[in-house]
Amino acid sequence: MSPASISSPLSCLPRPDPLLLAPLADKLFGKRLVQAGRYIMSHKSWMKTVPTENCDVLMTFADTTDDHTLLWLLNHIRLGIPELIIQIRHHRHTKVYAFFVTATYESLLRGADEMGLRKPVKAEFGGGTRSFSCEEDYIYENIENELYFFSSQERQHIIRYWLENLRAKHGESLHNIHFLEGQPVIPELVARGVIQQVFPVHEQRILNRLMKSWVQAICEAQPLDEICDYFGVKIAMYFAWLGFYTSALVYPAVLGSILYTFTESDQTSRDICCVVFAIFNVIWATLFLEEWKRRGAEFAYKWGTLDTPAESIEEPRPQFRGVKRVSPVTNVEEFYYPPWKRLLFQGLVSLPVCLICLSVVFLVMLGCFELQELVLSIKELPRLIRFLPKIALAVIVTACDDVYRKIAYWLNDMENYRLQSAYEKHLIIKMVLFQFVNSYLSLFYIGFYLKDMERLKELVLLFSLSQSLVRQLKDALLPSITLQLHLFLISLKGLLRFCWSLAVSKVGSGAGGAGVCVYVSPHCSKSIQPHATCDCVGEGGGS
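Here the sequence shown is numbered in this note's numbering, starting from 59 and rising by one per residue.
This is the structure:
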């Protein structure tokens, strides 16, 4: 697919309409299937990866997006972020426009300086890591090699930082969207559905290498440095903790298996083993936490995140909303959101919503327990039916996790925190509160109020199995099913369009002419013909 870059004007070329040329093709080839390749792509061709040169971040639009919206945003990005290079492409099978965004090496260096991106320093200048500075760029490792100085994750992070900090000016609007002065443009357009997605683009070469050294290398250590370079520090730290935690679980698993195997069947032996295992778990948990503190600090130093910026110099979130004022500390214009508004929202909205959600959890739990008592009172029912209320409770608890996660994100967004650290801290508090009560309220109720240990064992087993099963389905099976469904819908849409073209060609077999397809460059005042078959940015390929 040939990109249409904003760096040079595009010619507005007339194209013959394929629908109008169908009768001529029928006469030449004696069949109507000459257009099938235009509308129908095979399953395997959709699965292939189309390599895209010079693209770090992809921005896609809905197929109903008009020319004015594309040109308005394109011009806004060009004026607000001149460092970016944008290629515009149109996927003619899905009718979706996309902006392929990248930047030059020199622009990325300026962006790294602006963000304070930490980079490793050469050994002769002291080693370690420090915030990047263009004035002293010679002290950083691999600064001479533009292919290796920035990882793909760092390039994408800089570009997304620019895009998310593109702010509107006073009185700007797009159709019925009226921006406030200083409001981030891209996040607002994403929230309104004008922009479908803004996401980084994978590099297949690095993915293949990670597939061999990480996914397929089962018995080898995780390549954490490569994971950090490609996915970022947070993802790498998560997998570092996950690997360390999984390895540490070997010790209680071995001891628990030994105690379970060699324990006598009498109650006294079981009680002694329970006490021994409980003491071991306390010691193991303490050692585990202390060792992880060391390991986490080692990774943080290695990846340059040990010295996090103080709140006074931390950049505000792009999604932070407020009114402009002159800061009494720095004497510079900044966005200000009164704390009393946040406290008012927390008291009148966040707290009642949390209480309502927790009440719903409690009522659902009581309802399932009452249903369980009703089922147990009917002795004629099969044994399997008696487990249905417990299974229903486990399924409801697992399903409510997703609902409460969305509620927590919505409440946190509405509370409008200025700093990312404050946003994440309050989000964690809400998530822990929701998930802890949702997952463990019924267990505490059975264990400490009903004191029914047999029912508690059954419920713990069901919760563990259901949550593990749902997690595997969501992480492994659901993405595959979604992809297959998406490919099926695309093929079905192409088939219907092909059938429609055959019907139109039958009706208009005597017609002739050419349809005009016009693409707008930044230097051209013309617009795309809304009903033309737009194919001006390349043949085939995918965006």
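In this text, a Cβ means the ideal position worked out from N, Cα and C, and glycines have one as well.
Quick caveat: nothing in here was measured; it's all calculated off a predicted structure.
For T344, the enclosing alpha helix (DSSP H) begins and ends at Q325 to K360. For the 9 Å CB-CB criterion, Q214 and V243 do not form a contact. The stretch 214-224 makes no contact with the stretch 295-302, as fewer than three CB pairs between them are under 8 Å. A Cβ-Cβ distance of about 7 Å is found for the pair V455 and F521, placing them in contact under the 8 Å criterion.
Under the DSSP assignment, L439 falls outside any alpha helix (DSSP H); it carries neither an H nor an E label. The bridge partners DSSP lists for A161 are L142. Residues of the same chain with a CB within less than 8 Å of the CB of I285, apart from the 5 flanking positions on each side, are L268, W272, I293, A294 and F297 in chain order. V518 sits in a helix when the DSSP states are folded into three classes. The stretch 540-552 makes no contact with the stretch 468-477: fewer than 3 CB pairs, one atom from each, lie closer than 8 Å.
Relative to W342, the option among F207, L238, A311 and R352 whose CA is nearest is A311. Taking C-beta separations shorter than 7 Å and ignoring five residues to either side along the sequence, the partners of S191 in its chain run D171, following chain order. Within the stretch 462-505, the complete alpha helix (DSSP H) runs of at least 4 residues fall at 478-502.
Counted as a single uninterrupted DSSP element, the alpha helix (DSSP H) harbouring T319 occupies residues V308 to F320. Counting along the chain, E222 sits inside the alpha helix (DSSP H) bounded by residues S210 to E222. By the Cβ-count criterion, R150 is buried, with 16 or more other Cβ atoms from all chains shown falling within 10 Å of its own Cβ. Relative to M423, the option among E438, R352, A450 and V490 whose CA is nearest is A450. If you ignore the 5 residues before and after Y309, its C-beta comes within less than 8 Å of the C-beta of W342, all in its own chain and listed in chain order.
For T127, no pairing in a beta bridge is given by DSSP. Shortest Cα-Cα distance from L347 to any of L307, R225 and Y359 involves L307.
Where R267 is concerned, the enclosing alpha helix (DSSP H) starts and stops at Q262 to L268. Inter-segment contact for the stretch 476-489 and the stretch 375-382 is present: three or more beta-carbon pairs are separated by less than 8 Å. Measuring C-alpha to C-alpha distances from E194 to each of Y394, S524, L401 and K177 identifies K177 as the nearest. Within the stretch 368-448, complete alpha helix (DSSP H) segments of at least 4 residues are found at 397-403 and 409-435, given in chain order. For V243, the enclosing alpha helix (DSSP H) begins and ends at V243 to R250. The DSSP-derived three-state label of R150 is coil. Less than 9 Å separates the beta-carbon of I504 from that of L514. Ranked by how close their Cα comes to the Cα of F158, the residues T118, L166 and E278 have T118 in first place. For the 9 Å CB-CB criterion, V179 and E199 form a contact. Within the DSSP bridge table, the entry for L553 names no partner. Listed as beta-bridge partners of Y155 by DSSP are H148.
Going by beta carbons, F207 and I201 fall inside the 9 Å limit. S209 and D283 do not touch by the CB rule: their CB atoms are close to 10 Å apart, not below 8 Å. For the set C557, I144 and P397, the Cα lying nearest the Cα of L129 is the one of I144. Around the beta carbon of V381, fewer than 16 other beta carbons lie within 10 angstroms, which makes this residue exposed.
By the C-beta density criterion, H126 is exposed, having fewer than 16 other C-beta atoms within 10 angstroms. For L282, there is no enclosing beta strand (DSSP E); the enclosing alpha helix (DSSP H) covers residues L282 to F289.
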